[in-house]
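This report concerns only the one structure given below.
Protein chains: 2
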Amino acid sequence: MESPPLFDLKTYLQAKQEQVNDELVRSLPPAESSRIADAMRYSVLAGGKRLRPVLCLAAAEAVGGRSEDVINTAVAIELIHTYSLIHDDLPAMDDDVLRRGKPTCHVAYDEATAILTGDALLTLAFQLLASPEDTADVPSDKRLQVIHAVAAAAGHKGMIGGQMADIGSEGNRIALSRLEQLHMMKTGALINAAITTGAILGGATSEQIRHLHKYAQNIGLAFQIIDDILNVEGDPALLGKAVGTDEEKKKSTYPALLGLVESRKLAASRVKEALQALEYFDKKADSLRAIAKYVIDRKR
Amino acid sequence: MESPPLFDLKTYLQAKQEQVNDELVRSLPPAESSRIADAMRYSVLAGGKRLRPVLCLAAAEAVGGRSEDVINTAVAIELIHTYSLIHDDLPAMDDDVLRRGKPTCHVAYDEATAILTGDALLTLAFQLLASPEDTADVPSDKRLQVIHAVAAAAGHKGMIGGQMADIGSEGNRIALSRLEQLHMMKTGALINAAITTGAILGGATSEQIRHLHKYAQNIGLAFQIIDDILNVEGDPALLGKAVGTDEEKKKSTYPALLGLVESRKLAASRVKEALQALEYFDKKADSLRAIAKYVIDRKR
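Protein chains in written order, with the numbering used here: chain A, 879 to 1178; chain B, 879 to 1178.
Structure, rendered in structure tokens:
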């Protein structure tokens, strides 16, 4: 008789994605209450892996925290991620027409609506993080700490700064170290915030946060390398977005700088380092371990 | 011998604007640290009346609060106001080329930079509101209350919702009640948040907040009516932006719906109501009283 798998990631992801989706629906304005409400729902509820909120929940679990205390923050981070996609897809930026298998927000609505919808989701995220209706059993100063961490990660020294640098690098070949720095900001910062805030709200010690931060840095970079690889050889039907766009725009990417084989190796070594950072934790961190492997094996 | 004027608004405004500008400079990323930092500074430090932060400080004063406890919030609200101007000026929205007497952000930089700069200022506002470096002597749960109020005012049911409705109304003649509702969201909500959060942080009682809310509602509407009037008969050199643009876009405005004379009367009656709401307060509310008169007399 075969022994059962150590951790059933598929079932875990489905359960967490469902929990996140339910809470997203509750947090968004009701359908058909206004054009902006419809556009917000359209973009957020279009699907998506929900990687950041799941990481947030898993990080809380790893330190023995309760998901009730984290779900609100997990959802806020997904709203911020979605807003960033809407704005990145705009004609003035990446000019993408397909996202999560559906027309991008400015295609489905119009450009003005897409700009405002992104703005509204970013704003709603902070409204949720400070909501008096949040039933989390977390002291107010810890909630302020979380808001500050999320804003810093999403801001001009984090995600937005990374997107700005990314646009600036189009057509220019940049050094690997610069590419890594850029991705640490563009993708890594919010992934790191998801994990760190999950840990904070879950009651982590500073030593636990230190290890989770190392996990986050590595997982974030591995995620971005695979993203670059999928833009070369991924299946658009599975990805729900176009491929080959990086090359078209002459973007500096890991495959462009290192080739596919070396890029895969680099991603694998990052995942290995992420797993090493988790050696400090017991089996409550199994979900984080499984996600680390998923990040590199994913097809979408 | 003449008696001194009851309240020297000009000196008051200059002092407060200076205080706000100093704190804005401190809160923004340093110049030339990145393209996004430069664009943030360009738009925020382009001047401006600083009406919202001054109202925030004056509301705190009116209830006997200390400006040190409010300045951070006042600055955050000005960042949000500036981001909204940058996004509203974009080609996909109002397509304006002049703001505060200088080329708009997307003209001075480019469209992608302007979108990201707006995003960065909105995000920085919340980072400031939750900053551990804020020396305000205010309990954390009150700070959360302020963050929530600011986000709600700036969001899809407030400022962003108003801008969305404003775009939707272009070319359509809408009813006066609808126009009022639209402006309550687009301009009124953030002005109201500036006053209310100033009061909260200044230690206001709920009765004081109730009166200040009534003041805010009236001042906000009077401000918008005058804005509409200045778009008809104002001096572009003083305003620092183009006039006649509302008519070009066939926007529903107070002058379009009521004519200039009736619009002026309506603004005056709103200011009168605002002043009545202040009868509850002693002379510590003199700055708010003076600002109410300024709102209607202003030329820019």
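For every residue, glycine included, the Cβ atom is placed at its ideal position computed from N, Cα and C.
Please read these numbers as outputs of a predicted model, since none were measured by experiment.
| field | Close Cβ partners of Asp-974(A) (< 6 Å) along its chain, the five nearest in sequence each way excluded | value | Counted from its first residue, the first sequence places residue 974(A) at position 96. If we look at Asp-974(A) and ignore the five residues flanking it on each side, its Cβ neighbours are Asp-967, Thr-982.
| request: Find out if the Cβ-Cβ distance for the pair Ala-893(A), Asp-947(A) is shorter than 9 Å. | output: Working through the first sequence from its first residue, we reach residue 893(A) at position 15. Working through the first sequence from its first residue, we reach residue 947(A) at position 69. It is not a contact, given that the beta carbons lie outside the stated cut-off.
| Which residues DSSP lists as bridging Leu-976(A), in chain order | Locating residue 976(A) in the first sequence gives position 98, counting from the first residue. BP columns for Leu-976(A) point to Pro-981(A).
| field | Outcome for Ser-1165(B) when other beta-carbon atoms lying within 10 angstroms are tallied against a minimum of 16 | value | Numbered from its first residue, the second sequence carries residue 1165(B) at position 287. Buried.
| Counting Cβ pairs, one atom from each stretch, are 3 or more of them under 8 Å apart for the stretch 1048-1058 of chain B and the stretch 1118-1137 of chain B? | yes
| Cα-Cα separation between Cys-934(A) and Asp-1044(A), rounded to whole angstroms | Your numbering for residue 934(A) matches position 56 in the first sequence. Your numbering for residue 1044(A) matches position 166 in the first sequence. Each residue's Cα considered, the two are about 26 Å apart.
| Other residues of its chain near Glu-1058(B): CB distance less than 8 Å, five sequence neighbours each side excluded | By one-based count along the second sequence, residue 1058(B) stands at place 180. Answer for Glu-1058(B): Leu-1099, listed in chain order.
| request: Grab the span of the alpha helix (DSSP H) containing Gln-950(B) for me, first residue to last. | output: Taking the second sequence and counting its residues from 1, the one referred to as residue 950(B) is at position 72. Position check: residue 950(B) holds Asn in this sequence, whereas Gln was assumed. It spans 949-966 - the alpha helix (DSSP H) in which Asn-950(B) sits, taken as one unbroken run.
| Quick one: Cα of Thr-1083(A) to Cα of Gly-1076(A), how far? | Walking along the first sequence from the start, residue 1083(A) turns up at place 205. Walking along the first sequence from the start, residue 1076(A) turns up at place 198. The alpha-carbon atoms of Thr-1083(A) and Gly-1076(A) are separated by roughly 12 Å.
| task | Give the interface partners of Leu-994(B) over in chain A, defined as CB-CB distance under 7 Å, in chain order. | result | Your numbering for residue 994(B) matches position 116 in the second sequence. Near Leu-994(B) (Cβ distances below 7 Å), the residues of chain A are Ile-1038, Gln-1041, Met-1042.
| field | Reduced DSSP category for Thr-889(B) - H, G, I as helix; E, B as strand; rest coil | value | Mapped onto the second sequence, residue 889(B) falls at position 11. The answer is helix: DSSP assigns Thr-889(B) an H, G or I state.
| So what's Asn-1050(A) in DSSP terms, helix, strand or just coil? | Position 172 of the first sequence, counting from 1, holds the residue named residue 1050(A). Coil, per DSSP.
| Ordered along the chain, which non-local residues of its own chain (more than five positions away) have a Cβ less than 7 Å from that of Met-879(A)? | For the purposes of this step, residue 879(A) is taken as residue 1 along the first sequence, with counting starting at 1. Because Met-879(A) sits at a pLDDT of 49, beneath the cut-off of 50, its placement in the model cannot be relied upon, and the following sentence gives the value as read from the coordinates. Around Met-879(A): no qualifying Cβ.
| Does Glu-956(B) have its Cβ less than 9 Å from a Cβ in chain A? | Along the second sequence, one-based indexing puts residue 956(B) at 78. False, the Cβ-Cβ gap to chain A never drops below 9 Å.
| Taking 9 Å as the CB-CB cut-off, is Ala-915(A) touching chain B? | Here the question's residue 915(A) lines up with position 37 in the first sequence. At a cut-off of 9 Å between beta carbons, Ala-915(A) contacts chain B.
| message | If I measure Cβ to Cβ from Ser-921(B) and keep anything under 7 Å in the same chain, skipping five residues before and after, which residues do I get? | response | The residue labelled residue 921(B) in the question sits at position 43 within the second sequence. Closer than 7 Å at the Cβ level, and outside the excluded window around Ser-921(B), lie Thr-960, Ile-964, Cys-983, Thr-995.
| task | Consider the Cβ of His-1034(B): report whether some Cβ of chain A lies at a distance smaller than 9 Å. | result | Start at 1 with the first residue of the second sequence, and residue 1034(B) comes out as number 156. True, the Cβ-Cβ gap to chain A drops below 9 Å.
| According to the neighbour-count rule (16 or more other Cβ atoms, all chains shown, within 10 Å of its Cβ), is Gln-1023(B) buried or exposed? | The residue labelled residue 1023(B) in the question sits at position 145 within the second sequence. Gln-1023(B) comes out buried.
| query | For Arg-1021(A) and chain B, any beta-carbon pair shorter than 9 Å? | reply | As a position in the first sequence, residue 1021(A) is number 143, starting the count at 1. So yes, Arg-1021(A) belongs to the interface.
| task | Spell out whether any CB of chain A is found under 9 Å from the CB atom of Gln-897(B). | result | As a working note, residue 897(B) is residue 19 in the second sequence. The beta carbon of Gln-897(B) sits no closer than 9 Å to any beta carbon of chain A.
| Would Leu-1068(B) pass as a contact of Met-1042(B) if the rule is Cβ separation under 9 Å? | Within the second sequence, numbered from 1, the residue matching residue 1068(B) stands at position 190. Within the second sequence, numbered from 1, the residue matching residue 1042(B) stands at position 164. No, they are not a contact pair.
| Under a three-way DSSP split, which group does Glu-1151(B) fall into? | Residue mapping note: residue 1151(B) aligns to position 273 of the second sequence, counting from 1. Three-state DSSP puts Glu-1151(B) in a helix.
| Taking one C-beta from the stretch 987-1006 of chain B and one from the stretch 1020-1035 of chain A each time, how about it: are there three or more such pairs within less than 8 Å? | Taking 8 Å as the limit for Cβ pairs, the verdict is that the stretch 1020-1035 of chain A does touch the stretch 987-1006 of chain B.
| query | Taking 9 Å as the CB-CB limit, is Ala-908(B) close to chain A? | reply | For the purposes of this step, residue 908(B) is identified with residue 30 of the second sequence, where counting begins at 1. In the sequence as presented, Ala is not what sits at residue 908(B); that position holds Pro. Judged by the 9 Å Cβ criterion, Pro-908(B) is not in contact with chain A.
| Between Ile-949(A) and Glu-901(A), is the Cβ-Cβ spacing less than 9 Å? | Along the first sequence, read from residue 1 onward, the residue named residue 949(A) stands at position 71. Along the first sequence, read from residue 1 onward, the residue named residue 901(A) stands at position 23. Contact: yes.
| task | For Thr-1083(B), verify whether its CB is less than 8 Å away from any heavy atom of the ligand NAP. | result | The ligand NAP is absent from the structure shown, which contains no ligands of any kind.
| task | Establish whether the CB of Ser-1009(B) and some CB of chain A are separated by less than 9 Å. | result | Numbered from 1 along the second sequence, position 131 holds the residue referred to as residue 1009(B). True, the Cβ-Cβ gap to chain A drops below 9 Å.
| field | Asp-972(A) versus Ala-937(B) - alpha carbon distance | value | The count along the first sequence starts at 1 and reaches residue 972(A) at position 94. The count along the second sequence starts at 1 and reaches residue 937(B) at position 59. Taking the straight line joining both Cα atoms gives about 44 Å.
| said: Count Cβ pairs between the stretch 1148-1160 of chain A and the stretch 1109-1116 of chain A that sit closer than 8 Å; are there 3 or more? | reply: no
| query | Taking Val-1121(B) as the reference, which of Arg-977(B), Asn-1096(B), Lys-1161(B) has the closest Cα? | reply | In the second sequence, the residue the question calls residue 1121(B) occupies position 243. When each option's Cα is compared against that of Val-1121(B), the closest is Arg-977(B).
| Hey, how far is the Cα of Glu-1125(A) from the Cα of Pro-969(B)? | As a first step, residue 1125(A) must be located in the first sequence, where it is residue number 247. As a first step, residue 969(B) must be located in the second sequence, where it is residue number 91. Rounded to the nearest angstrom, the two C-alpha atoms are 28 Å apart.
| query | For chain B, is any of its Cβ atoms less than 9 Å away from the one on Glu-989(A)? | reply | If you number the first sequence from 1, residue 989(A) lands on position 111. Answer yes: the Cβ-Cβ gap between Glu-989(A) and chain B drops below 9 Å somewhere.
| query | For Thr-1131(B), which residues from the same chain have a beta carbon less than 6 Å from its beta carbon, with the 5 sequence-adjacent residues on both sides left out? | reply | Counted from its first residue, the second sequence places residue 1131(B) at position 253. Here Thr-1131(B) has Asp-1106, Asp-1124 as same chain residues with Cβ atoms under 6 Å from its own Cβ, once five neighbours each way along the sequence are excluded.
| task | Identify whether Ser-1165(A) lies in helix, strand or coil by the three-state DSSP scheme. | result | Here residue 1165(A) refers to the residue found at position 287 of the first sequence. Reduced to three states, the DSSP call for Ser-1165(A) is helix.
| request: Name the two residues that bound the continuous alpha helix (DSSP H) containing Thr-1123(B). | output: Position 245 of the second sequence, counted from the first residue, corresponds to residue 1123(B). It spans 1123-1126 - the alpha helix (DSSP H) in which Thr-1123(B) sits, taken as one unbroken run.
| Using 9 Å as the limit for Cβ to Cβ distance, is Val-985(B) near chain A? | Here residue 985(B) corresponds to residue number 107 of the second sequence, with the count starting at 1. Chain A, which has no Cβ nearer than 9 Å to the Cβ of Val-985(B), makes this no.
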